[in-house]
Structure formats: structure tokens, C-alpha cells
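Asks: Going by our numbering, the first sequence wraps up at 593, each residue one higher than the last.
Glycine included, C-beta positions come from ideal geometry on N, C-alpha and C.
Fair warning: this is a prediction, and the values are worked out from it, not measured in the lab.
Dropping a structure here in C-alpha cells format, bear with me for questions.
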Amino acid sequence: MNREEYLEVYRHSLSHILAKAVIEIFGKDQVQYAIGPQISDGFYYDFTLPRTVRQEDFEMIENKMREILKRKEAWTRKEVSREEALKLFADQKFKTELIEDLPEDELITIYTTGDDFVDLCRGPHVDNSQELLGAAFKIKSVSGAYWRGDENRDSLQRIYVYAFPDKAQLKAHLDLIREAMERDHKKLGPQLDLFMFDPTAPGMPYWLPRGWKLFNALLSYWRDVHELHGYQEISAPVINNKSLWETSGHWGHYKENMFLIPGTAEDESDYYAAKPMNCPNAIMVYKRQMRSYKDLPLRFSETDVIHRKEKSGELNGLFRVQMFRQDDDHTLLMHSQIRDEINDIMDIAEELYGTFGLDYMAELSTRPDDYMGDIELWNQAEASLKEILDAKYGEGNYEINEGDGAFYGPKIDLKMRDALGREWQMGTIQLDFQLPLNFDLKYTAADGTMKQPVMIHRALFGSFERFIGILIENFKGAFPFWMSPYQVGVVPIRPEHNEYAAKVVEALRKSRIRAEVDYEDENMKVKIKKYKTYKDPYIVVVGDKEAQENSVSVNIRGMNKTVQGVPLDTFLAVCRRLNEEHTLELADSFEA
RNA sequence: GCUGCUGUGGCUCAGUCGGUAGAGCGUCACAUUGGUAAUGUGGAGGUCACGAGUUCGAUUCUCGUCAGCAGCUCCA
């Protein structure tokens with residue numbers, strides 16, 4: 002048995018122990034038990050119980066589980082007929098439903114643990130509870146869930162449990178969770194004065210001065226890269242009359258997610274809606290004039306604010322917001338250009354992600370059952386996408402989600418893995434055969450006939466907001482030099498050094514280095530601490546010595562190391578280089 | 001939206017078994033003239049999220065609203 006199978010078997014087995022414990026605590030006639038699958042860090046089990054399980058109950062339940070394990074009960078497997086199974090679980094409505102839903106010819110197996118607990122299960126399990134004695138587990142949380150994920154059906158209590166083969170692995174996992182919590186951008190962001198929220202605008206971040214500096218550093222890097230790849234940035238209205246959204250189909254399919262703004266009429270006839278996507282306006286720009294095949298591909302990138310109304314419980318810091326800016330683009334092109342264009346987009350993605358040292362994986366989603374458009378076109382497009390992915394990552398080195406594409410075209414999703422090994426859905430590259438049709442887009446082909454272009458929607462960071470949220474957690478707030486809100490904090494030792502400090506700050510700013518300085522008549526240690534808390538990459542201290550020799554004393558972030566007597570010009574040159582090269586690591590030596 | 005939890009000065013949190021609140025940090029003032037992560041003293045700062053109910057009296061109890069957090073995808 003390999004490690005994964007082993008995990009599966011005993012997590013699964015432990016979930017039965019949990020169910021048994023819960024039943025013994027609350028009484029068999031008080032508990033309806035549903036399902037108890039394993040998940041990535043343990044397992045859960047769903048129940049209906051006579052009362053809500055609280056945090057105070059966790060220890061009691063854990064103890065009951067241990068007590069059951071110590072009984073070293075045997076597990077016996079038995080094959081039963083459908084009738085026997087139904088009879089056995091007559092008073093368990095969820096189990097009954099599960100049995101009734103099993104295919105006619107399915108073999109039904111039940112497992113008995115000890116002499117009183119029986120559960121419907123396909124197994125496999127351990128043979129005796131004894132085998133689980135060494136396992137380490139801990140109840141993680143209790144939350145609500147619905148029977149079969151359907152909010153119209155029974156509301157269940159789901160008990161989550163962490164489970165690992167031994168204490169060391171459980172501890173390692175709990176440490177990882179703690180580390181992730183320390184990195185939580187919802188905590189770090191406000192702490193570093195990057196962004197805030199206000200109840201009058203739920204899910205709509207306010208970017209504070211420091212955060213906006215970071216945002217703009219990221220944006221300007223993104224612009225530079227796209228400029229080199231032939232993109233043209235546009236900006237368009239944030240609200241449009243509903244007639245636009247009717248044409249695009251959003252009014253019909255996406256209205257619940259749009260913030261609506263009444264016009265002057267009494268009814269909805271002249272409503273406006275804040276844009277939830279940029280595509281229709283990019284199309285307006287395309288339609289402004291006749292387009293020739295020679296113009297294509299036309300790449301209209303856009304970072305305007307967009308709004309999407311979310312259900313109240315779904316907001317989550319910068320990860321799920323109601324107002325954000327995508328690093329968006331809509332490219333109009335001929336069918337024959339799809340492959341080259343997607344290839345170029347993948348190159349940009351690689352370059353962008355590489356700058357942050359983030360690994361990424363690609364996933365292809367193909368034609369769904371309810372697809373629209375010409376099946377030939379779909380086949381060609383999917384073939385092109387596969388070809389590109391095969392060439393780039395090798396056949397089989399990317400995931401294919403059959404039937405998971407949008408109805409208007411296939412797509413490639415890009416997921417990345419952060420410093421803690423967590424996965425994030427980031428970029429998305431979607432082909433769209435539908436909108437060009439809805440808006441009746443045309444170009445004049447070489448033979449003088451009118452043809453319809455294809456549209457590509459793509460965002461590589463996903464949204465600036467979410468991407469920054471991920472970066473905050475990935476770097477734990479200690480950003481690479483080029484994107485740090487302030488790159489250098491200047492600390493004059495005494496007020497008499499303020500004059501030289503001002504000279505240093507001016508020189509830094511003239512070199513386009515973001516520098517902050519504290520002229521207060523305050524102990525220098527206090528100032529150093531302030532900039533350390535802000536995680537400024539470099540803190541430079543200036544006193545008599547530095548003023549005299551036109552140098553700075555550099556404190557390097559994360560290195561507990563100070564380099565004294567660095568000539569100011571040398572320091573400036575190093576900073577400029579880090580900015581230009583978008584270097585991930587800080588320089589720790591300052592040679593001329 | 002649903003389930004559960006939470007909401008006390010800018011921040012982190014204590015407290016009130018119902019009699020309108022306290023600490024540390026931060027901030028401000030004054031003193032301190034400092035060499036790489038917290039100098040000292042003093043002051044200001046709170047309608048205890050909002051609304052209603054119960055009560056002689058509510059920050060505390062009840063209900064509602066708003067916002068936040070965790071989960072609601074892992075299929076016996």
C-alpha cells in the first residue's frame with residue numbers, strides 16, 4: 002500500500018470512528034448520519050444532530066474517538082442485498098436514499114465496527130481499530146453543509162477532522178496552517194497600510210497610499226511587458242446603458258451580478274449597469290471603424306474598475322471582491338491567427354509569473370454539451386490549444402477538463418502554486434465565438450469579402466486585487482524591491498542630520514526610487530523599527546560619518562546585516578538596477 | 001443566500017452575574033541628542049457596530065439589521 006492509499010484507508014476508517022463516537026454521545030435515535038469522505042488534510046462527516054456542536058465539544062468527541070479505538074474492535078465486511086440494506090438502515094434517511102440511488106447491479110457492502118455500529122461503505126478499511134491507534138487526528142471545525150450540496154434540502158452539521166499517520170505529520174500540517182494564518186493578507190494588508198475596507202462598500206477595497214504605490218508598480222511593469230507585445234491599452238465607461246448589456250447577453254444571463262443604476266425614467270427602460278466585464282466596451286472600440294485583415298490581431302487591453310455583485314457570504318478579503326481591476330485584454334483576430342496569438346499570450350504569462358518566482362500549471366477546458374457555434378471551429382480551436390500546450394509542457398503535463406469550457410468557446414486556465422504549496426486559480430485565456438456574432442463584428446478579408454473575427458478574452462494576473470492578495474501571502478509582505486511600496490526608508494540619527502537625509506532622499510527620488518524619511522526628533526531605533534515593521538527592503542541610516550563622506554549605512558531586510566559606508570552613488574546604482582531588472586532577491590553587497 | 005461564530009478607543013485585547021468602561025501599543029505635548037527592532041513623563045481619545053424590545057436602568061438579556069470570519073467543491 003503506498004502512502005496515498007494508506008492515507009485514504011485510514012482517514013476513511015477514522016471517519017467511521019467519528020460517526021460512531023457522535024452516535025454514542027448523542028444517542029443512536031438522535032443522529033442521522035450522511036456521508037464521511039476523506040479530504041486533502043483529513044476527512045469530514047455530515048450529521049443531523051439534536052443540537053449544535055460547539056468548539057467546547059471537540060475535546061469530548063476526540064476523547065470518545067480515542068476511547069473507541071482503544072476497544073480494539075474488529076471491522077467486518079459483509080455483502081448484503083438491497084432489501085437487507087434498506088431494512089438495516091430503515092431509520093437512517095440519508096443512507097436509505099443512498100441505497101435507493103445505487104445502480105441495480107451495484108454490490109452493496111456494509112461494515113460493522115464492534116457490535117453496535119454499522120455503516121454503508123464500499124471500503125476498504127482497516128481490519129481492526131487497533132491499526133488506527135498510532136494515527137494523529139484533531140477536530141478542525143464544524144460548519145453547515147447541505148445534503149448533497151443542495152440548499153433546498155436538509156441542513157447538516159459537517160465535522161471536519163485533520164488526520165495524519167502520526168503526530169509529527171499532524172504537527173507539520175498544523176504548523177503550515179499557522180504559517181498560512183500569519184501570512185493572511187486580510188491581516189497583513191491593513192497592518193502594512195496597503196488597503197482597507199469600509200462597511201459602506203463591502204468587498205470594495207480602498208487602496209491606501211502605500212498599497213497604491215505597490216499597485217502602480219505592478220501595473221506599470223505589466224504595461225511595459227504588454228507594450229512590447231503589441232498591446233494597445235484603452236479605457237472605457239464604467240457604467241453603460243442596459244441596451245449594451247442586452248446585446249452582449251449580460252442582461253439576460255448576468256443581471257443578478259450587476260450593480261444597477263436607475264436613469265430618469267420611472268421604470269427599468271433606461272437603467273444603466275456598472276460593467277462586470279470589459280468585453281462589450283472593447284467591442285465598441287473595435288466597431289468604431291472598418292477593420293481590415295491587415296489590422297488583425299487587434300489587442301485592446303484594459304484595467305478599468307469593474308463591479309460584480311456577490312452573495313454576501315462569498316466575499317473574502319482581496320480574493321473575492323465586488324470591485325476590482327482585471328489585467329484584461331480583448332483581442333480580435335482571424336481563425337488562422339489563434340495558435341500564434343495563444344502562444345504569445347503563454348509567453349507573456351511565463352514572463353510575468355517568472356518574475357515572482359511562482360510555478361504555474363495549465364488546464365484546458367473543452368467543449369461543453371450546451372456549446373454554441375460551429376462545431377468545426379470548436380474542433381480546430383481545441384486542436385490548436387492542445388498543440389500549443391503539448392509543445393510547451395509536453396503531452397500529458399497539463400490537465401484537461403472535458404466539457405468544462407464556456408458555452409462560447411474553449412479556455413486555458415493557469416493556476417499557480419505559492420511559497421506554501423497552495424494552489425490559486427489565476428490567469429484565464431478564453432476563446433469566444435459568440436460575442437463577435439452578437440455584436441455583428443466584421444473585417445474585410447484579402448478577397449474583399451466580410452468575415453467575422455474571433456475574440457480572445459485573457460487576464461493573466463486574474464485581477465490586480467486578487468493577485469496582490471496572493472503576493473502578500475506569498476512574500477509575507479516582504480515584496481521584491483521593485484514593487485515594495487517604499488523601497489528605502491531613510492533614518493537621520495539626529496535632527497542635525499536632516500539636511501543630509503533630505504539630500505539622500507532627493508537623490509533617491511530623482512533615480513525613481515520610492516523613499517520615505519522620518520525627520521522627527523525621535524530616537525533612531527524607533528525610526529528603524531517603524532520601517533522594519535513596514536518591511537522596507539533597505540533602511541539607510543545617516544549621521545556625521547555618512548554626511549561627511551557622502552555615503553549611507555544600509556540595513557538589509559531579512560538579513561540582520563548592516564553595510565556601512567556605501568557611497569551614495571553606488572547605492573543609487575544598485576537600486577536602479579533592482580528596479581530595472583525586477584529582481585526577486587535584494588542585493589546584499591554594494592560594490593562600485 | 002444558508003449554517004455556525006464574532007463586532008468594546010486608530011490597533012491588539014480585558015471587563016461589566018444589568019448600575020453608561022480599562023490596559024498595552026499607536027497618537028499628541030514636553031523633556032531626552034541618540035550609531036542599527038521599542039528613552040522618559042504627562043495629556044487627549046469610546047453613544048461598548050446599528051435599530052427595536054424587556055427593565056427603574058441595557059455596552060451586558062432578547063429580537064432584527066449591517067459588517068467580518070470559517071464553511072457550504074472533495075460523494076457510501
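1) Buried or exposed for N241, please, with buried defined as at least 16 other CB atoms from any protein chain shown within 10 angstroms of its CB.
2) Out of curiosity, what's the CA-to-CA distance linking P481 and K536?
3) So which of V506, G374, D414 has the shortest CA-CA distance to L390?
4) Run through the segment 74-157 for me and flag every whole beta strand (DSSP E) of 3 or more residues, listed as ranges in chain order.
5) Quick one: what does DSSP say P454 is sitting in, helix, strand or coil?
6) If P486 sits next to R467, beta carbons under 8 Å apart, how far is it from one beta carbon to the other, in whole angstroms?
7) Using only the alpha-carbon positions, how far apart do S244 and N439 sit?
8) For R513, name the three-state secondary structure that DSSP assigns.
9) Can you say whether I178 is buried or exposed, counting buried as having 16 or more other CB atoms within 10 angstroms of its CB?
10) Can you tell which of E183, Y294, G253 has its C-alpha closest to the C-alpha of M451?
11) Name the DSSP bridge partner or partners of V575?
12) Using 8 Å as the cut-off, can you tell me whether the segment 36-49 makes contact with the segment 150-162, which would need three or more C-beta pairs spanning the two stretches below that distance?
13) Scan the segment 164-237 and note each continuous alpha helix (DSSP H) run of 4 residues or more that stays entirely inside, going in chain order.
14) Compute the Euclidean distance between the alpha carbons of V567 and V555, then round it to the nearest angstrom.
15) Could you check which residue in M285, V226, A266 has the C-alpha nearest to that of W246?
16) Considering only residues of the segment 375-419, which uninterrupted beta strand (DSSP E) runs meet the minimum length of 3 residues and lie entirely inside it, listed in chain order?
17) Can you give me the start and stop residues for the beta strand (DSSP E) that T429 sits inside?
18) Is D328 buried or exposed, if buried means 16 or more other CB atoms sit within 10 Å of its CB?
19) Use the C-beta contact count for S313: other C-beta atoms within 10 angstroms, 16 or more gives buried, fewer gives exposed.
20) The alpha helix (DSSP H) spanning F465 covers which residue range?
21) Quick one: what's A275 bridged to in DSSP?
22) Is it a yes or a no for the segment 274-293 touching the segment 248-264, going by three-plus beta-carbon pairs under 8 Å?
23) Go ahead and label T265 buried or exposed: buried means 16 or more other beta carbons lie within 10 angstroms of its beta carbon, across all protein chains shown.
24) Mark A164 as exposed unless 16 or more other C-beta atoms lie within 10 angstroms of its C-beta, in which case mark it buried.
25) CB K412 to CB Q431, shorter than 7 Å?
26) Note down, one range per segment and in chain order, each alpha helix (DSSP H) of at least 4 residues found wholly within the segment 516-564.
27) Please name the residue, chosen from G28, S41, M66, Q31, that lies closest to I18 on a Cα-to-Cα basis.
28) If contact is defined by three or more beta carbon pairs under 8 Å, each pair taking one atom from either stretch, is the segment 330-338 in contact with the segment 204-211?
29) Rounded to the nearest angstrom, what separates E624 and S366 at their Cα positions?
30) Taking contact to mean at least 3 C-beta pairs separated by less than 8 Å, is the segment 107-123 in contact with the segment 8-23?
31) I need the boundaries of the alpha helix (DSSP H) containing M373, first residue and last residue.
32) In angstroms, rounded to a whole number, what distance separates the CA positions of L359 and G28?
33) Should Q549 go down as buried or exposed, given a rule of 16 or more other Cβ atoms within 10 Å for buried?
34) Counting along the chain, where does the beta strand (DSSP E) carrying E303 start and finish?
35) Between the beta-carbon of D199 and the beta-carbon of L209, is there less than 7 Å?
36) Kindly list the residues whose CB is nearer than 7 Å to the CB of A148, restricted to its own chain and excluding five residues on each side of it in sequence; keep chain order.
Replies: According to the data block:
1) Here residue 241 is taken as the residue at index 240 of the first sequence, counted from 1. By the neighbour-count criterion, in which 16 or more other beta carbons inside 10 Å mark a residue as buried, N241 falls on the buried side.
2) Residue 481 sits at position 480 when you count from the first residue of the first sequence. Residue 536 sits at position 535 when you count from the first residue of the first sequence. Spanning the two alpha carbons is a distance of roughly 10 Å.
3) Here residue 390 refers to the residue found at position 389 of the first sequence. Ranking the options by Cα distance to L390, first place goes to D414.
4) Every unbroken stretch of the beta strand (DSSP E) spanning 3 or more residues and falling wholly within the segment 74-157 is given here in chain order: 76-81, 109-114, 118-121, 137-147.
5) Residue numbering aside, residue 454 sits at position 453 when the first sequence is read from its first letter. Three-state DSSP puts P454 in coil, outside helix and strand.
6) On the first sequence, position 485 is the one that residue 486 refers to. On the first sequence, position 466 is the one that residue 467 refers to. Not a contact, Cβ separation roughly 18 Å.
7) Your numbering for residue 244 matches position 243 in the first sequence. Your numbering for residue 439 matches position 438 in the first sequence. Going by the C-alpha atoms only, they are around 13 Å apart.
8) For the purposes of this step, residue 513 is identified with residue 512 of the first sequence, where counting begins at 1. Coil.
9) In the first sequence, residue 178 corresponds to position 177, counting from 1. I178 should be labelled exposed.
10) Walking along the first sequence from the start, residue 451 turns up at place 450. Checked all of E183, Y294, G253; the closest Cα to M451 is Y294.
11) Taking the first residue of the first sequence as position 1, residue 575 is located at position 574. Bridge partners of V575: none, in fact.
12) Enough Cβ pairs lie closer than 8 Å, so yes.
13) Whole alpha helix (DSSP H) segments, 4+ residues: 168-184, 186-192, 210-229.
14) As a working note, residue 567 is residue 566 in the first sequence. As a working note, residue 555 is residue 554 in the first sequence. Approximately 7 Å, taken between the alpha carbons.
15) In the first sequence, residue 246 corresponds to position 245, counting from 1. The candidate whose alpha carbon is nearest that of W246 is M285.
16) Taking only runs of at least 3 residues, the beta strand (DSSP E) segments lying wholly in the segment 375-419 are 400-402, 412-418.
17) Reading the first sequence from its first residue, position 428 is the one you call residue 429. That run of the beta strand (DSSP E) goes 424-433.
18) The residue labelled residue 328 in the question sits at position 327 within the first sequence. Residue environment for D328: buried (at least 16 other C-beta atoms within 10 angstroms of its C-beta).
19) If you number the first sequence from 1, residue 313 lands on position 312. Label assigned to S313: exposed.
20) Reading the first sequence from its first residue, position 464 is the one you call residue 465. Element bounds for F465: 465-476.
21) Within the first sequence, residue 275 is the residue found at index 274, counting from 1. Looking at the DSSP output, A275 sits in a beta bridge with I240.
22) Yes, the segment 274-293 touches the segment 248-264.
23) One-based indexing of the first sequence puts residue 265 at position 264. Taking all protein chains in view, the Cβ of T265 is surrounded by fewer than 16 other Cβ atoms within 10 Å, so the residue is classified as exposed.
24) Taking the first residue of the first sequence as 1, we reach residue 164 at position 163. By the 10 Å Cβ count, A164 comes out buried.
25) Numbered from its first residue, the first sequence carries residue 412 at position 411. Numbered from its first residue, the first sequence carries residue 431 at position 430. Note that the C-beta distance between K412 and Q431 is below 7 Å.
26) Within the segment 516-564, the complete alpha helix (DSSP H) runs of at least 4 residues are 525-534, 545-550.
27) On the first sequence, position 17 is the one that residue 18 refers to. Taking I18 as reference, the option from G28, S41, M66, Q31 with the minimal CA-CA separation is M66.
28) Output reads no: the segment 330-338 does not touch the segment 204-211.
29) Look at the range of the chain in this structure, 2 to 593, and you will see that residue 624 is not part of it.
30) Enough Cβ pairs lie closer than 8 Å, so yes.
31) In the first sequence, counting from the first residue as 1, residue 373 sits at position 372. No alpha helix (DSSP H) contains M373, which DSSP labels as neither H nor E.
32) Position 358 of the first sequence, counted from the start, is the residue given in the question as residue 359. Position 27 of the first sequence, counted from the start, is the residue given in the question as residue 28. L359 and G28: Cα-Cα distance of roughly 51 Å.
33) Against the first sequence, residue 549 aligns to sequence position 548. It counts as exposed.
34) Position 302 of the first sequence, counting from 1, holds the residue named residue 303. If you look at E303, you'll find it in the beta strand (DSSP E) that goes 299-303.
35) Numbered from its first residue, the first sequence carries residue 199 at position 198. Numbered from its first residue, the first sequence carries residue 209 at position 208. No. Outside cutoff.
36) One-based indexing of the first sequence puts residue 148 at position 147. Looking at the sequence itself, residue 148 is Trp, so the reference to Ala does not match. Same-chain partners within the cutoff: A35, F95, R154, D155, L157.
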